[in-house]
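Mapped onto my numbering, the consecutive letters of the sequence shown carry residue numbers 3 to 261.
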Amino acid sequence: MVFSFLLYTVADRVATIILNRPEKRNALNGLLVAELQQAFTAAAADDAVKVIVLKGNGDAFCAGADLEYLQQLQQNTYDENLADSQQLMQLFRQIHELDKIVIAQVEGHAVAGGCGLVTLCDLSYVVPEAMLGYTEVKIGFVPALVAIFLVRKIGEGRARELLLTGRLVTAEKAAQDGLITAVIPAAEINTQVAKVAASLCNDASAHSLTVTKKLIGTVLDLPLENGLKHAAELNALTRGHEDCKRGIAAFLSKEKLVW
């Protein structure tokens, strides 16, 4: 696929989406958001893809909205700004609900909307030098969309600290807060992400990954009794799935199963 602001490749069941505006620190605008939606849609529909890796080209992962885009938004009507916000909302929801696992490989700063993208990924590996944060309040804006997901991910207390102060934090602090999965040295991050992606592709059932991701995404919305009932139903349904039958048979016969 050919994009203006993205690079998209597929190899070894891994789709790699690279933000490709290095001269703008991969800052977001309407076209880039639309292209991200197209790329994730393509990866979701491709049977040859099991895992998606999101990266940034250049020194930054993503610096949030670019200046020209912010200037344009000031001239918009409420309805125009609502439509624009809904486009970003749809992208965030798309990543959150995607059937496939999304890994963020963060080799530079991730700020505002850029940090929002990291927040939505299922797993995230970040170099020690990268700073992350939601700086919206410092320019009179609000981190409204990402707040919905961030509170669910790291809890209200930690989310309040990050969203209200608008300060950037180190990758180490982000890992301590549960915002990211791990801090990985720059010399090792390509290898680590490739290793994790390969393990997900080869060592785990695609059906099981999809069901587990959806369960994680919905469990907080359910009262305890309803959640347990839903979990029991998922267990029963999964036991009847072909992947489960294959997996148990391989385990009992001590065979190595490659998914």
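The C-beta atom is built at its ideal place from N, Cα and C for all residues, glycine as well. Given the structure is predicted, the values throughout are model-derived calculations rather than measurements.
Top-ranked residue by Cα proximity to residue i, from the options
{"i": "I150", "options": "V108, K102, R95 and T183", "result": "R95"}
{"i": "E174", "options": "T183, V113, L166 and L239", "result": "T183"}
{"i": "A17", "options": "Q40, G32 and S207", "result": "Q40"}
{"i": "V4", "options": "I19, A13, D14 and R15", "result": "I19"}
{"i": "G60", "options": "A252, A132, N31 and S87", "result": "A132"}
{"i": "A67", "options": "A46, V148, G32 and H98", "result": "G32"}
{"i": "F42", "options": "L8, L30 and L259", "result": "L8"}
Contact check, residue i vs residue j, beta carbons under 7 Å
{"i": "C203", "j": "K52", "result": "yes"}
{"i": "V139", "j": "G168", "result": "yes"}
{"i": "Y127", "j": "I54", "result": "no"}
{"i": "L38", "j": "N28", "result": "no"}
{"i": "V144", "j": "A188", "result": "no"}
{"i": "V113", "j": "A65", "result": "yes"}
Residue i to residue j span [Cα, whole Å]
{"i": "R23", "j": "G116", "result": "13 Å"}
{"i": "A177", "j": "L119", "result": "16 Å"}
{"i": "N83", "j": "L90", "result": "11 Å"}
{"i": "V35", "j": "L93", "result": "7 Å"}
{"i": "L239", "j": "K247", "result": "12 Å"}
{"i": "L170", "j": "E163", "result": "11 Å"}
{"i": "A106", "j": "R154", "result": "18 Å"}
{"i": "V213", "j": "Q74", "result": "41 Å"}
Run of the beta strand (DSSP E) containing residue i, from where it starts to where it stops
{"i": "S126", "result": "L125 to V128"}
{"i": "I54", "result": "V53 to G58"}
{"i": "L134", "result": "M133 to G135"}
Bounding residues of the alpha helix (DSSP H) (the contiguous stretch that carries residue i)
{"i": "I105", "result": "Counting along the chain, I105 falls outside any alpha helix (DSSP H), though it belongs to the beta strand (DSSP E) covering I103 to V108."}
{"i": "R169", "result": "Taken as a continuous stretch (DSSP letters only), R169 belongs to no alpha helix (DSSP H), as it is neither H nor E."}
{"i": "K247", "result": "E244 to L254"}
{"i": "L122", "result": "G115 to L122"}
{"i": "L152", "result": "A146 to I156"}
Distance cut-off 6 Å: residue i Cβ against heavy atoms of the ligand NAD
{"i": "D86", "result": "As far as ligands go, the structure on display features none, and thus does not contain the ligand NAD."}
Could you tell me which whole beta strand (DSSP E) segments of length 3 or greater appear in the region 4-38? 8-13 and 16-21
Alpha helix (DSSP H) segments (min. 4 residues) lying fully within the region 57-105: Fully enclosed alpha helix (DSSP H) runs of 4 or longer: 69-76 and 80-99.
Going residue by residue through the region 196-229, where are the continuous alpha helix (DSSP H) segments of at least 4 residues, counting only ones entirely within it? 208-220
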